[in-house]
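Position in the first sequence counted from 1, then plus 1, gives you our numbering. For each residue, glycine too, the CB sits at the ideal point set by N, CA and C.
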Amino acid sequence: MLIYNTLTRLKEQFKPIHEGHVGMYVCGPTVYGDAHLGHARPAITFDVLYRYLMHLGYKVRYVRNITDVGHLEHDADEGEDKVAKKARLEQLEPMEVVQYYLNRYHHDMALLNVLPPTIEPHASAHIIEQIEFIKRILDAGFAYISDGSVYFDVEKYNNVHHYGILSGRDIEQIRENTRHLDGQNEKRRSIDFALWKKAAPEHIMHWPSPWSEGFPGWHLECSTMGTKYLGEQFDIHGGGMDLIFPHHECEIAQSVAALGHPTVHYWMHNNMITINGQKMGKSLGNFITLEQFFTGEHELLDRPYSPMTIRFFILQAHYRSTVDFSNQALEAAEKGLQKLNETYHRLQTLKATDAAPDIAEIKTLRRQCAEAMDDDLNTALLIAQLFDSAKIINSVHDGKMTINAEDLTELNSVWQTYAIDILGLTLSDSGDDSNTAQAYKGAVDLLLNIRLKAKQNKDWATSDQIRDQLTALGFQIKDTKDGFEWSI
RNA sequence: GGUACCUUUGCCGAGUGGUUAGGCGCCAGUCUGCAAAACUGGUUACAGCGGUUCGAUUCCGCUAGGUACCUCCA
Numbered sequence: 002m003l004i005y006n007t008l009t010r011l012k013e014q015f016k017p018i019h020e021g022h023v024g025m026y027v028c029g030p031t032v033y034g035d036a037h038l039g040h041a042r043p044a045i046t047f048d049v050l051y052r053y054l055m056h057l058g059y060k061v062r063y064v065r066n067i068t069d070v071g072h073l074e075h076d077a078d079e080g081e082d083k084v085a086k087k088a089r090l091e092q093l094e095p096m097e098v099v100q101y102y103l104n105r106y107h108h109d110m111a112l113l114n115v116l117p118p119t120i121e122p123h124a125s126a127h128i129i130e131q132i133e134f135i136k137r138i139l140d141a142g143f144a145y146i147s148d149g150s151v152y153f154d155v156e157k158y159n160n161v162h163h164y165g166i167l168s169g170r171d172i173e174q175i176r177e178n179t180r181h182l183d184g185q186n187e188k189r190r191s192i193d194f195a196l197w198k199k200a201a202p203e204h205i206m207h208w209p210s211p212w213s214e215g216f217p218g219w220h221l222e223c224s225t226m227g228t229k230y231l232g233e234q235f236d237i238h239g240g241g242m243d244l245i246f247p248h249h250e251c252e253i254a255q256s257v258a259a260l261g262h263p264t265v266h267y268w269m270h271n272n273m274i275t276i277n278g279q280k281m282g283k284s285l286g287n288f289i290t291l292e293q294f295f296t297g298e299h300e301l302l303d304r305p306y307s308p309m310t311i312r313f314f315i316l317q318a319h320y321r322s323t324v325d326f327s328n329q330a331l332e333a334a335e336k337g338l339q340k341l342n343e344t345y346h347r348l349q350t351l352k353a354t355d356a357a358p359d360i361a362e363i364k365t366l367r368r369q370c371a372e373a374m375d376d377d378l379n380t381a382l383l384i385a386q387l388f389d390s391a392k393i394i395n396s397v398h399d400g401k402m403t404i405n406a407e408d409l410t411e412l413n414s415v416w417q418t419y420a421i422d423i424l425g426l427t428l429s430d431s432g433d434d435s436n437t438a439q440a441y442k443g444a445v446d447l448l449l450n451i452r453l454k455a456k457q458n459k460d461w462a463t464s465d466q467i468r469d470q471l472t473a474l475g476f477q478i479k480d481t482k483d484g485f486e487w488s489i
């Protein structure tokens with residue numbers, strides 16, 4: 002498989018450090034607000050990567066962190082912790098806020114059919130490890146203590162290593178272009194960043210450390226927890242493109258400073274989701290939460306969109322391209338998904354014909370799907386392959402083509418593997434095989450069979466009554482050549 | 001201002017040095033008691049200007065427009 006590595010800006014052949022095993026770390030959410038469409042993108046992108054790696058037979062340890070401390074508020078000069086600020090506003094315990102938003106995040110992710118990672122570590126639960134990590138950086142001489150806070154000495158680091166290796170910058174540029182913020186007099190240079198920050202008296206969240214009562218710096222948790230759970234070297238680190246600088250750059254610097262070598266082999270970054278051409282983000286205030294998408298309650302939304310529509314919408318574009326949100330684009334995605342869905346159900350009903358000739362497209366389908374995924378997760382191309390095979394399914398369904406048992410089995414298997422297991426599309430109707438559901442389905446079938454009989458007797462009054470009243474109840478009735486299909 | 005990236009047919013969105021992306025929409029047809037739906041077929045574009053090349057949407061340069069990062073951010 003080829004993976005685009007931000008570090009080299011090339012597609013590289015993926016080769017795990019330990020054969021058969023993959024360690025991947027993805028930057029998770031800061032839980033001080035509801036997840037929006039932008040959060041869905043990395044979650045889904047790396048969910049598909051996780052699924053695909055497992056499909057390829059790897060045993061994957063997937064770590065996605067929860068940031069519940071340490072991110073400084075932009076407009077809070079005194080370095081107030083984001084979570085703490087929100088907590089005071091809402092008169093809640095900080096951990097109550099964290100838990101509240103984390104529960105909601107998990108709920109949204111489950112709706113999007115995003116598999117949970119294998120480890121979901123909290124920054125707040127790794128304060129000790131982060132302190133130990135800082136000690137190692139101090140011991141290596143790449144950090145200094147200033148008034149109870151600890152800062153990373155970027156210049157000193159850059160004399161030995163390359164600060165800017167990931168983002169393609171050099172220290173001179175950064176120095177020239179860094180804004181001069183207030184309250185930075187503790188730092189030797191503006192480009193230095195905090196490893197430990199002394200808490201101001203009004204801070205709610207703080208922990209003891211050798212330097213002060215305070216909290217860890219913005220970038221430390223990922224270096225610490227990544228190496229703790231995946232080792233001093235691991236395969237993949239993912240996140241949004243906006244994290245390349247400074248977050249991931251600092252992460253590299255911290256790890257190299259503490260350990261003496263880089264930790265990550267492949268850096269992967271998903272692109273942004275835009276709204277009217279502009280990045281959708283918390284700080285810009287132009288985001289739409291996932292819940293709003295599901296309910297349709299937002300002034301920019303014409304109507305609700307299902308979680309699967311959102312997932313499909315995101316997967317229809319390559320993860321390194323920007324995707325622009327619009328109602329029109331979402332409607333198009335919804336209809337496309339619906340078509341895929343119906344075709345999949347039709348596939349389950351197809352009957353094989355013994356004498357049917359082999360279908361060439363089916364022989365190559367699996368390989369084409371694999372090639373799409375192997376080329377840096379080209380889910381858009383994979384979906385196009387599925388749509389191509391949909392034509393075959395529909396032609397057989399319409400009786401315009403026949404299919405032999407071998408081809409039918411293969412077709413089913415490919416759809417199961419690529420559409421359901423790897424893309425994670427939920428195509429099964431309700432998946433509900435309970436007695437209640439079976440009875441209910443049976444009852445609708447019964448009604449529609451009565452209607453079918455009425456139609457055969459040209460009793461249009463009865464036939465239309467059944468159709469119209471079921472439609473009024475929210476059913477979609479589709480007449481087919483020799484019967485009917487329905488959905489709700 | 002610096003750095004990186006982008007500009008594909010009505011819309012969304014892949015990809016490629018010479019051959020069909022795909023979806024939505026639209027048009028035509030099939031099916032049909034009516035309606036709906038479905039299905040089939042059609043719908044050939046790569047910002048502009050130069051250059052390299054037998055040949056460029058694809059490589060290089062310039063111009064225009066846009067985005068991201070440089071500050072918390074997915």
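Which term fits residue i, buried or exposed, when burial requires 16 or more other beta carbons within 10 angstroms of its beta carbon?
i: Ala356; result: exposed
i: Trp219; result: buried
i: Pro358; result: exposed
i: Phe15; result: buried
i: Ala85; result: buried
i: His250; result: Note on identity: in this sequence residue 250 is Glu, with His being the wrong assignment. It counts as buried.
i: His108; result: exposed
i: Ser284; result: exposed
i: Lys352; result: exposed
i: Asn104; result: exposed
i: Gln386; result: buried
i: Ser435; result: exposed
i: Val161; result: exposed
i: His262; result: exposed
i: Trp268; result: buried
i: Leu38; result: buried
i: Glu252; result: buried
i: Arg10; result: exposed
i: Pro118; result: buried
i: Asp465; result: exposed
i: Gly169; result: exposed
Quick one: residues in its chain with C-beta nearer than 7 Å to the C-beta of residue i, no 5 flanking neighbours on either side, listed in chain order?
i: Ser210; result: Ile132 and Trp197
i: Asn159; result: Ile172
i: Phe485; result: Leu449, Leu453, Ile478 and Lys479
i: Asp193; result: Tyr152, Phe153, Asp154 and Val155
i: Leu348; result: Ile394, Leu412, Asn413 and Trp416
Across which residues does DSSP place residue i in a beta bridge pair?
i: Cys195; result: Looking at the sequence shown, residue 195 is not Cys but Ala. Tyr152.
i: Phe326; result: Ile276
i: Trp416; result: According to DSSP, Trp416 bridges with nothing at all.
i: His238; result: Tyr26 and Trp268
i: Ser147; result: Ser150
i: Gln457; result: In the DSSP output, where bridge partners are listed per residue, Gln457 has none listed.
i: Ser488; result: Gln477
i: Ile120; result: Val64
i: Thr521; result: The displayed coordinates of the chain run from 2 to 489. Any statement about residue 521 would go beyond what the structure contains.
Under the assumption that residue i contacts residue j (Cβ atoms under 8 Å), give the Cβ distance between them as a whole number of angstroms.
i: Ser150; j: Ser213; result: 7 Å
i: Met242; j: Asn287; result: 17 Å between Cβ atoms; not a contact.
i: Ile128; j: Pro217; result: 7 Å
i: Ser224; j: Phe134; result: 6 Å
i: Val23; j: Asp236; result: 5 Å
i: Ala254; j: Tyr164; result: 6 Å
i: Gly425; j: Val49; result: 7 Å
i: Ile45; j: Arg312; result: 6 Å
i: Glu372; j: Ser390; result: About 14 Å separates the two Cβ atoms, so there is no contact after all.
i: Gly29; j: Arg65; result: 4 Å
i: Thr290; j: Thr354; result: Rounded, the Cβ-Cβ distance is 50 Å, inconsistent with contact.
Closer than 6 Å by C-beta to residue i: which residues in its own chain qualify, once you throw out the five before and the five after it? Chain order, please.
i: Gly227; result: Tyr26
i: Tyr5; result: Lys12 and Asp377
i: His75; result: With a pLDDT of 37 at His75, under the threshold of 50, the modelled position of this residue cannot be trusted, and the question is left open.
i: Gly232; result: none
i: Gly239; result: Val27, Phe47 and Met269
Quick one: what's got a C-beta closer than 8 Å to residue i's C-beta in the same chain, skipping five residues either side?
i: Glu187; result: Ser147, Asp148, Ser150 and Tyr152
i: Met96; result: Asp69 and Ser125
i: Thr1; result: Not covered by the structure: residue 1. The range shown for the chain is 2 to 489.
Which residue spans inside the region 4 to 75 form an unbroken alpha helix (DSSP H) run of at least 4? 38 to 56
Any chance you could list the beta strand (DSSP E) runs of at least 3 consecutive residues sitting entirely within the region 203 to 250, in chain order? 215 to 217 and 235 to 241
At 4 residues or longer, and completely inside the region 327 to 401: list those alpha helix (DSSP H) runs for me, N to C. 328 to 350, 361 to 375 and 380 to 398
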